[in-house]
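Report on the following structure.
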Amino acid sequence: MTSAPHHFAPIQRLLHWLMALCIIAMLFIGVGMVSTVAPKYLPLILIHKTLGVALLILVLIRLALRLRLGAPPLPADLPPVMKLGAKLSHLLLYGFMIVMPLLGLGMLWAAAYPVVLFGGIEIPALLQQSDRGHTLLWNAHGYLGLAFFALVLLHLAAALFHALIRRDGVFATISPLPQRERMEPAE
Numbered sequence: 003m004t005s006a007p008h009h010f011a012p013i014q015r016l017l018h019w020l021m022a023l024c025i026i027a028m029l030f031i032g033v034g035m036v037s038t039v040a041p042k043y044l045p046l047i048l049i050h051k052t053l054g055v056a057l058l059i060l061v062l063i064r065l066a067l068r069l070r071l072g073a074p075p076l077p078a079d080l081p082p083v084m085k086l087g088a089k090l091s092h093l094l095l096y097g098f099m100i101v102m103p104l105l106g107l108g109m110l111w112a113a114a115y116p117v118v119l120f121g122g123i124e125i126p127a128l129l130q131q132s133d134r135g136h137t138l139l140w141n142a143h144g145y146l147g148l149a150f151f152a153l154v155l156l157h158l159a160a161a162l163f164h165a166l167i168r169r170d171g172v173f174a175t176i177s178p179l180p181q182r183e184r185m186e187p188a189e
């Protein structure tokens with residue numbers, strides 16, 4: 003890893019915001035899928051599967067970039083408990099972004115459903131059919147999806163806190179738009 007940059011690299015910011023939009027869409031599509039039996043159910047499943055696999059690939063790329071390019075340091079005056087919260091919440095976000103698609107794939111494989119994505123791309127099953135396994139993975143995917151949504155809301159609240167209340171430059175490091183830097187008092 004290189005020395006800590008002042009901002010995330012443009013590719014890191016692009017991936018962050020692209021993935022944020024896709025994850026929000028995934029959460030709402032997931033809720034829509036499980037609450038309907040209408041004809042739109044199958045297209046929602048196809049979108050959800052395809053987007054889930056795409057997000058899994060993107061998060062692996064994003065993790066590699068984070069390890070290679072680093073991340074800007076948090077402000078020195080940020081309380082230690084907030085620094086710990088930031089570190090833990092980011093670890094959880096990355097964990098959810100990896101685990102959720104894997105649970106979804108496992109759930110489909112355990113139900114012996116073929117995983118066919120847009121373009122007819124089929125992902126071969128890596129698990130054997132198991133009703134018990136399917137139920138376990140279905141429940142885990144559903145409940146962890148709700149926990150993931152709560153964590154996304156917490157992340158959004160923290161971003162707004164840094165952007166609007168603390169105005170400490172944290173949001174500027176990932177913002178897709180140019181931000182004014184926090185002015186340090188002259189000594």
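Plus 2 on top of the position in the sequence shown (first one is 1) and you've got the numbering used here.
The beta carbon of each residue, even a glycine, is placed where N, CA and C say it ideally should be.
Separation of the CB atoms of V154 and I25 is rounded to 7 Å, and the pair is thereby assigned contact status at 8 Å. In the same chain as L179, and ignoring 5 residues on each side of it, no C-beta atom comes closer than 7 Å to its own. The Cβ atoms of P7 and L80 do not sit closer than 9 Å to each other. Here I47 is near M35, since their CB atoms are less than 9 Å apart.
Looking at the DSSP output, I125 shares a beta bridge with V117.
A159 and T137 have their alpha carbons spaced roughly 33 Å apart.
Looking at L148, L57, I49, T38, the one whose alpha-carbon comes closest to that of G122 is I49. Between V55 and L119 the beta-carbon gap is near 6 Å, inside 8 Å, which marks them as a contact. Here L58 has P103 as same chain residues with Cβ atoms under 6 Å from its own Cβ, once five neighbours each way along the sequence are excluded.
In this structure, W140 keeps its C-beta atom at 9 Å or more from the C-beta atom of L129. Per DSSP, Q14 is one residue of the alpha helix (DSSP H) stretching across 12-36.
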